[in-house]
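Read the sequence shown against this note's numbering and you will find it ends at 212, with the numbers running on by one and no gaps. Even glycine gets a Cβ: it sits at the ideal position worked out from N, Cα and C. Just so it is clear, the structure is predicted and the values come from calculations on it, not from any experiment. Below: one structure, written as structure tokens.
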Amino acid sequence: MEDTPVGFDLELSRRGLLVGSAATAAVTAAASAAQAAGSDPHPVMKVSFEVNGAPETLELDPRTTLLDALREHLHLTGTKKGCDHGQCGACTLMVNGRRINSCLSLAVMHEDDRIITIEGLGTPDRLHPMQAAFIKHDGFQCGYCTPGQICSAVAVLDEIRAGHPSHVSASLTDPPQATGVEIAERMSGNICRCGAYANIHDAIAEVAGRPA
1 MEDTPVGFDL ELSRRGLLVG SAATAAVTAA ASAAQAAGSD PHPVMKVSFE
51 VNGAPETLEL DPRTTLLDAL REHLHLTGTK KGCDHGQCGA CTLMVNGRRI
101 NSCLSLAVMH EDDRIITIEG LGTPDRLHPM QAAFIKHDGF QCGYCTPGQI
151 CSAVAVLDEI RAGHPSHVSA SLTDPPQATG VEIAERMSGN ICRCGAYANI
201 HDAIAEVAGR PA
């Protein structure tokens, strides 16, 4: 097999550089032309949904995540941005009764959805039972992951009551129970860097009506 001439590699590299530079220049020119013409290169889209029982309508860049729409546009900052990659669970909230990582979901995907954030679960003078249990059992230290932990915990018990099995459910036909193993498995997507897992489990077990 013959060696490829050095000049051939240089020609390919030079050609690739020229093509890439031309593409970048074209995109920049298109954006500049759009701005000069008074149009936005990133048009907004309207989305309407219900947040904590109140109707909301926003005009957003279609790339805006649900997390950023809530925090930056509706100023509901209880839901936290942690890893921003759907791995830590800090941004967990409930949409139509199911928990999701809001950092991975675009806001415009949720037209007419019902969204519940930590602010919608309870108030300081009227706590949700899960919030009260977290306080009682000291289920937090720095508190950053706590809103996502609580939203996830509420949804976990709803999932168990609805009979949705998990990977550790003893049977696919018998209703799952809020055992320690079930709770740990279902909460595994919520990371607590302070390591308050034992207290979090005790809080959830109390609300579930089971011994810690």
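Just checking my contact of residue i with residue j at CB under 8 Å: how many whole Å lie between their CB atoms?
i, j, result
"Asp-202", "His-137", "4 Å"
"Thr-117", "Thr-79", "5 Å"
Whole angstroms are fine: how far does the CA of residue j sit from the CA of residue i?
i, j, result
"Leu-215", "Ile-200", "Because the chain here runs from 1 to 212, residue 215 falls outside it and cannot be looked at."
"Gly-86", "Thr-65", "12 Å"
"Gln-177", "Cys-151", "19 Å"
"Ile-191", "Lys-46", "33 Å"
"Tyr-197", "Thr-179", "15 Å"
"Pro-211", "Arg-63", "45 Å"
"Glu-119", "Leu-76", "7 Å"
"His-128", "Ala-184", "21 Å"
"Gly-53", "Thr-92", "18 Å"
"Gly-189", "His-42", "33 Å"
"Thr-146", "Asp-174", "31 Å"
Among the residues of its own chain, which have a CB less than 6 Å from the CB of residue i, if the five just before and after it don't count?
i, result
"Arg-114", "Glu-50, Asn-96"
"Val-154", "Met-130"
"Gly-82", "Cys-88, Ala-90"
"Gln-141", "Cys-194, Ala-196"
For the beta strand (DSSP E) that residue i lies in, which residues bound it at each end?
i, result
"Glu-206", "Segment 197-208 is the alpha helix (DSSP H) holding Glu-206; no beta strand (DSSP E) there."
"Ile-100", "98-101"
Taking 8 Å as the limit between beta carbons, can you name the residues of its chain near residue i, skipping five residues before and five after?
i, result
"His-164", "Pro-176"
Considering only residues of the same chain and omitting the five flanking positions on each side of residue i, which have a CB-CB separation below 7 Å?
i, result
"Leu-172", "Pro-165"
Could you pull the start and end residues of the alpha helix (DSSP H) that residue i belongs to?
i, result
"Arg-161", "146-161"
"Glu-182", "180-186"
Meets three-Cβ-pair contact criterion under 8 Å: the region 46-66 and the region 95-107: yes
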